[in-house]
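Asker: Here the protein sequences come in this chain order: F and Z. Going left to right, the first sequence walks through residues -19 to 144 as our numbering numbers them. Going left to right, the second sequence walks through residues 22 to 96 as our numbering numbers them. Here a beta-carbon is modelled for each residue, glycine too, at the ideal position from N, C-alpha and C. Quantities reported herein were computed from a predicted structural model and do not represent experimental measurements.
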Amino acid sequence: MSEDTNAKSMSIIVTKGTLDWAYPPFILATTAAAMGLDVTMFFTFYGLVLLKKDLNLKVNPLGNASMEMPMAGMHMAMPNILAAMPGATALTTTMMKNMIKKKGVASIEELRDLAIEADVNMIACQMTMDLFEYKREDMIDGPSVGGAASWVEVATKSDINLYI
Amino acid sequence: MADQVLDAKGLNCPLPILRTKKALKDMPTGATLEVLATDPGAVKDFEAFCRTTGNELVSSNVNGTVYSFVIKHTA
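Here it is as structure tokens:
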């Protein structure tokens, strides 16, 4: 982060930590950084798991009527009653990860590394750390720990502010 | 002929852009980079990338399923 440049800037509040919802914030952060913007990501609530050293992200279609998987030339949705069964999360996660690999989509680990490499400023929400009893050592080294005021300060100076 | 070629075939958004940025960073001003990609979304994205960063999009072509972008590192 360069404080003295005239670069445009973007901040993102990251609130979701499932395998699918981890994508939009990291894709936008890395792309904006590549396009010369100063980027800040504020990880709060379920978004905080995206800063853990060991990412073990999962996805489950339960209650998500829009989640269809391409299968045998068509799209199939998993009925809620099946999505609620034991093993459904593991199955859906494996299917999604296979699809991600097959389609040349980056992994979240890769995008996160690229974000760090691009000097994206990451802030972990202190309150969420306390609430869910996460330790600083569970998290990757880079991010600072801060609260709402830390984001507001960045947001007031940012050209783009997103909540995901 | 471009000074350097980046093969981003098979990669999906936003990887072709991210790899391009990485390659440009290590290239001298005025040098040209040819990026090969198969992501159809890259056409619009490379135009946007170049407009925003100030690098020059010298050419944008498609040959079958492979897109080719020549970018001059000017910014």
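If you draw a straight line from the alpha carbon of F/LYS115 to that of Z/THR59, how long is it in whole angstroms?
Answerer: The straight-line gap from Cα to Cα measures roughly 42 Å.
Asker: Quick test of your reading: Z/VAL64 and Z/LEU27, contact by CB under 8 Å. State the CB separation rounded to the nearest angstrom.
Answerer: Contact between Z/VAL64 and Z/LEU27 is absent: CB atoms are separated by about 16 Å, not below the 8 Å threshold.
Asker: With F/PRO50 as the anchor, note down where its beta strand (DSSP E) starts and where it stops.
Answerer: 48 to 51
Asker: Strictly under 8 Å for the Cβ-Cβ distance: is F/LEU94 near chain Z by that measure?
Answerer: yes
Asker: With DSSP as the reference, label F/LEU62 as helix, strand or coil.
Answerer: helix
Asker: Provide the residue span of the alpha helix (DSSP H) that contains F/TYR3, from first to last.
Answerer: 3 to 14
Asker: Using a Cβ-Cβ cut-off of 8 Å (strictly less than) and excluding sequence neighbours within five positions of F/LEU(-1), which residues of its own chain qualify?
Answerer: LEU37, LYS38, VAL39, THR73, MET76, LYS77 and ILE88.
Asker: Quick one: list the residues of chain F neighbouring Z/ASN76, beta-carbon separation under 8 Å, in chain order.
Answerer: Residues of chain F passing the Cβ test: none, with the nearest at roughly 10 Å.
Asker: Which stretch, first to last residue, makes up the alpha helix (DSSP H) that contains F/VAL132?
Answerer: 128 to 136
Asker: If you check the beta carbons only, do Z/ALA44 and Z/LEU54 fall under 8 Å apart?
Answerer: yes
Asker: Comparing C-alpha positions only, which one of F/ASP139, F/GLY127 and F/VAL132 sits nearest to F/THR24?
Answerer: The residue from F/ASP139, F/GLY127 and F/VAL132 with its alpha-carbon nearest to that of F/THR24 is F/GLY127.
Asker: Using 8 Å as the cut-off, can you tell me whether the stretch 119 to 133 of chain F makes contact with the stretch 30 to 37 of chain Z, which would need three or more C-beta pairs spanning the two stretches below that distance?
Answerer: no
Asker: Any beta-carbon of chain Z closer than 8 Å to the one on F/THR20?
Answerer: no
Asker: Sort F/MET15, F/ALA14 and F/VAL(-6) by Cα distance to F/PRO5 and report the nearest one.
Answerer: Distances from the alpha-carbon of F/PRO5 to those of F/MET15, F/ALA14 and F/VAL(-6) put F/VAL(-6) closest.
Asker: Return no unless some Cβ of chain F is closer than 8 Å to the Cβ of Z/THR86.
Answerer: no
Asker: May I ask you to report which of helix, strand or coil DSSP gives F/MET109?
Answerer: helix
Asker: Using a Cβ-Cβ cut-off of 8 Å, state whether Z/THR73 counts as contacting chain F.
Answerer: yes
Asker: To the nearest angstrom, report how far apart Z/LEU36 and F/ALA14 are at their CA atoms.
Answerer: 10 Å
Asker: Since Z/ASP66 and Z/ILE92 should fall inside the 8 Å C-beta cutoff, what is the C-beta to C-beta distance between them, to a whole number of angstroms?
Answerer: About 12 Å separates the two Cβ atoms, so there is no contact after all.
Asker: Which whole-angstrom value is the C-beta distance of F/LEU31 and F/ALA104, which I expect to be below 8 Å?
Answerer: 5 Å
Asker: Which residue or residues does DSSP assign as beta-bridge partners of Z/VAL14?
Answerer: This structure cannot settle anything about residue 14 of chain Z, because the visible part of chain Z is limited to 22 through 96.
Asker: With a threshold of 8 Å between beta carbons, is F/GLY122 in contact with chain Z?
Answerer: So no, F/GLY122 is outside the interface.
Asker: Per DSSP, Z/ASN82 is paired with what?
Answerer: In the DSSP output, where bridge partners are listed per residue, Z/ASN82 has Z/SER89.
Asker: Would you call F/ARG92 buried or exposed, if buried means 16 or more other Cβ atoms sit within 10 Å of its Cβ?
Answerer: buried
Asker: Quick one: what's got a C-beta closer than 6 Å to F/LEU94's C-beta in the same chain, skipping five residues either side?
Answerer: THR10
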